[in-house]
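Q: Before we start, here is the structure in question, set down as structure tokens.
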Amino acid sequence: MKTTVLLAALAFGTVLSAFGQKEKKDDVYPAPVPENKERFVPASGKALDESGGFKIVNYELIWQKVFDTGASRESIEHYFRRSGIFKQVETAPAELWGFLSAFDAKGAEFSNILTPYTRSTLFSAFALVDFKEGHYRVTVKKIMIMNYYEKNNAKISYAEFAFKNNQYELKPSFLRNEAKVMDEVLTRMFSFNTTENENW
Numbered sequence: 002m003k004t005t006v007l008l009a010a011l012a013f014g015t016v017l018s019a020f021g022q023k024e025k026k027d028d029v030y031p032a033p034v035p036e037n038k039e040r041f042v043p044a045s046g047k048a049l050d051e052s053g054g055f056k057i058v059n060y061e062l063i064w065q066k067v068f069d070t071g072a073s074r075e076s077i078e079h080y081f082r083r084s085g086i087f088k089q090v091e092t093a094p095a096e097l098w099g100f101l102s103a104f105d106a107k108g109a110e111f112s113n114i115l116t117p118y119t120r121s122t123l124f125s126a127f128a129l130v131d132f133k134e135g136h137y138r139v140t141v142k143k144i145m146i147m148n149y150y151e152k153n154n155a156k157i158s159y160a161e162f163a164f165k166n167n168q169y170e171l172k173p174s175f176l177r178n179e180a181k182v183m184d185e186v187l188t189r190m191f192s193f194n195t196t197e198n199e200n201w
């Protein structure tokens, strides 16, 4: 009887030891994250046109829209340089980019209750404009709320109010409210005698 109990105890100890080693190994060698430079994560399973132009790319919140236009690339570039939208414009043969001047949501319809962060008044961001014949695509990222903390005028990332905790999805409340307001603001800002288009 004593021999049976001793053998059972030894077997149980061996199982616990193996389990502990597995956990330790998992801690030392965590599962690798897939490498994908253009990892697009659906916004709560919605199509892109239902998210107000917002989506998640490489765990970063971006706004993107394609505009059709009959204007030349030179005319559009000239407009963006003279409009004051950008602090400073850098260019390449098929694109231009730069940090945006501070902008607000004035002129957009929104509720102070449903879109409280829009009341912060001022935003900053980085924008890239890609050109193809007949249309151009605007990508806006690094959107920051500039005066969220009124006491020290510190900035805070707009994504903090858009992401769910896992950073794989956008909050439904953000898509229903904030995203629509910001989409209206950015669309108006980057329109140049254009019509919107979903194709690039």
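Counting from 2, one number per residue, gives the positions in the sequence shown under my numbering. Backbone N, C-alpha and C define an ideal beta-carbon position, used for all residues, glycine too. Since we're looking at a predicted model, the values are computed, not measured.
By DSSP, does Ala126 sit in helix, in strand, or in coil?
A: Here residue 126 refers to the residue found at position 125 of the sequence shown. Reduced to three states, the DSSP call for Ala126 is strand.
Q: Measure the alpha-carbon distance for Phe132 versus Thr70 and round it to whole angstroms.
A: What you label residue 132 is simply residue 131 of the sequence shown in a count that begins at 1. What you label residue 70 is simply residue 69 of the sequence shown in a count that begins at 1. Rounded to whole angstroms, Phe132 to Thr70 spans 11 Å at the Cα level.
Q: What beta strand (DSSP E) runs, 3 residues minimum, are completely inside the region 54-105?
A: Segments of the beta strand (DSSP E) lying fully in the region 54-105: 55-58, 61-70, 91-93, 96-100.
Q: Would you say the beta carbon of Glu96 is closer than 6 Å to some non-hydrogen atom of the ligand MN?
A: Within the structure as shown, the ligand MN is missing, as the structure has no ligands at all.
Q: Could you give the DSSP three-state label for Lys181: helix, strand or coil?
A: Indexing the sequence shown from 1 puts residue 181 at position 180. DSSP places Lys181 in helix when its eight states are reduced to three.
Q: So who's on the other strand from Met145, going by DSSP bridges?
A: Against the sequence shown, residue 145 aligns to sequence position 144. The partner list for Met145 (beta bridge, DSSP) reads Ser125, Ser158.
Q: From Val130 to Glu61, what distance separates their C-alpha atoms?
A: Numbered from 1 along the sequence shown, position 129 holds the residue referred to as residue 130. Numbered from 1 along the sequence shown, position 60 holds the residue referred to as residue 61. Going from the Cα of Val130 to the Cα of Glu61 covers about 18 Å.
Q: Is it buried or exposed for Glu134, if we count other Cβ within 10 angstroms and need 16 for buried?
A: In the sequence shown, residue 134 corresponds to position 133, counting from 1. Looking at its Cβ environment, which holds fewer than 16 other Cβ atoms inside 10 Å, Glu134 is exposed.
Q: Kindly indicate which residue of Lys66, Arg74, Asn166 has the alpha-carbon position closest to the one of Ala95.
A: As a first step, residue 95 is located in the sequence shown; it is residue number 94 there, counting from the start. It is Arg74.
Q: Do you know how far the Cα of Lys56 is from the Cα of Ser76?
A: As a first step, residue 76 must be located in the sequence shown, where it is residue number 75. As a first step, residue 56 must be located in the sequence shown, where it is residue number 55. Whole-angstrom Cα-Cα distance: 29 Å.
Q: Could you check if Gly54 is buried or exposed, using at least 16 other CB atoms within 10 Å of its CB as the buried criterion?
A: As a first step, residue 54 is located in the sequence shown; it is residue number 53 there, counting from the start. Per the 10 Å Cβ criterion, buried.
Q: Give me the Cα-Cα distance between Tyr159 and Glu185, rounded to the nearest whole angstrom.
A: Along the sequence shown, read from residue 1 onward, the residue named residue 159 stands at position 158. Along the sequence shown, read from residue 1 onward, the residue named residue 185 stands at position 184. Distance between the alpha carbons of Tyr159 and Glu185 is about 16 Å.
Q: Measuring alpha carbon to alpha carbon, tell me which of Ala128, Lys142, Gln65, Ala72 ends up nearest Ile86.
A: Working through the sequence shown from its first residue, we reach residue 86 at position 85. The candidate whose alpha carbon is nearest that of Ile86 is Ala128.
Q: Measuring CA to CA, which of Asn178, Glu179, Tyr137 is closest to Ala72?
A: As a first step, residue 72 must be located in the sequence shown, where it is residue number 71. When each option's Cα is compared against that of Ala72, the closest is Tyr137.
Q: By Cβ distance below 8 Å, which residues in the same chain neighbour Leu187 in space, the five residues on each side in sequence not counted?
A: Position 186 of the sequence shown holds residue 187. Answer for Leu187: Gly54, Trp64, Lys66, Val139, Val141, listed in chain order.
Q: Can you find the residues in the same chain that come closer than 7 Å, C-beta to C-beta, to Ser192, ignoring five residues on each side of it along the sequence?
A: The residue labelled residue 192 in the question sits at position 191 within the sequence shown. If we look at Ser192 and ignore the five residues flanking it on each side, its Cβ neighbours are Phe68.
Q: State the DSSP-derived secondary structure class of Ser45, mapped to helix, strand or coil.
A: Residue 45 sits at position 44 when you count from the first residue of the sequence shown. Residue placement at Ser45 cannot be trusted, given a pLDDT of 36 that sits under 50; the coordinates are not used to answer.
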